[in-house]
Amino acid sequence: MRWRALTSGRTGQVWWAGAALEEALREAQRAFPLETGGLLLGWSTCPGSVVITQVIGPGPDATHRSTSFTPDAAWQEAQLADAYEQAGRRLQYLGDWHTHPRGTARLSSTDRATLRRIAAHADARAPYPVMALLAGGPLWQVVVRQQIRRRRPLWRLTLEVWQ
Ligand SMILES: [Zn+2]
């Protein structure tokens, strides 16, 4: 705990739609004890302030292991296109979510690398990517982090669930 001040960086806020959070939790439980995850959609008006309205799951052809998973990328792409279409394009891809079944609520070095990759990937249009982590199971701890600056600690986003 005493290291927190050194490692946690600054804080922001995330508002996560209850139905979308429940969908992620249901999928986490379904895949348990294997890892799963997907995409986060919503909008963000400024760094450190994020609204999650929808999640996209792993897809039917995803492969799940205890400490990793590979999404069904083609399925996710189609889901993303549908979601954009329905929202009249007033929807952003924010980042990814995934589980750490029986694991800790800390982002791994792979998770951090994923954030850097999303931020660097112009097509993703997510310069400040978000990573949501569901750790544990069957009770899940939810942690949301955002990369604001590449070589700075990630921001911790305080979670508020809205209905
Ligand atoms: Zn992870």
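Every letter in the sequence shown is one number past the one before it in the UniProt record's numbering, and letter 5, counting from 1, is 5.
Don't be surprised by glycine CBs; every beta carbon is placed ideally from N, CA and C.
In this structure, does DSSP put residue 30 in helix, strand or coil?
The answer is helix: DSSP assigns residue 30 an H, G or I state.
Out of curiosity, what's the CA-to-CA distance linking residue 76 and residue 127?
In this structure, the alpha-carbon of residue 76 lies about 20 Å from that of residue 127.
For chain B, check one thing: does any of its Cβ atoms lie closer than 8 Å to the Cβ of residue 23?
Absent from the structure is chain B; it holds one protein chain and no more.
Considering Cα atoms alone, identify which of 90, 67 and 60 is closest to residue 78.
That would be 60, whose Cα lies nearest to the Cα of residue 78.
Please confirm whether any heavy atom of ligand 1 lies closer than 7 Å to the CB of residue 66.
Answer for residue 66: no, Cβ out of range of ligand 1.
With 16 as the cutoff for other CB atoms within 10 Å, does residue 180 come out buried or exposed?
Shown here, the chain extends from 1 to 163; a query on residue 180 therefore has no answer.
Cβ of residue 34 within 8 Å of Cβ of residue 96?
Not a contact, by the Cβ cut-off of 8 Å.
Residue 81 burial status per 10 Å Cβ neighbour count (16 or more: buried):
Exposed, because fewer than 16 other Cβ atoms sit within 10 Å of the Cβ of residue 81.
Does DSSP put residue 115 in a helix, a strand or coil?
DSSP, read as helix, strand or coil, puts residue 115 in helix.
Measuring only from the beta carbon, is residue 72 closer than 7 Å to any heavy atom that is part of ligand 1?
When distances are taken from the beta-carbon of residue 72 to the heavy atoms of ligand 1, even the shortest one reaches 7 Å or more.
Confirm the yes/no value for this check: CB of residue 133, any heavy atom of ligand 1, distance under 7 Å.
Result yes, Cβ under 7 Å from ligand 1.
Any heavy atom of ligand 1 inside 7 Å of the beta-carbon of residue 108?
Checking every heavy atom of ligand 1 against the Cβ of residue 108, one is found closer than 7 Å.
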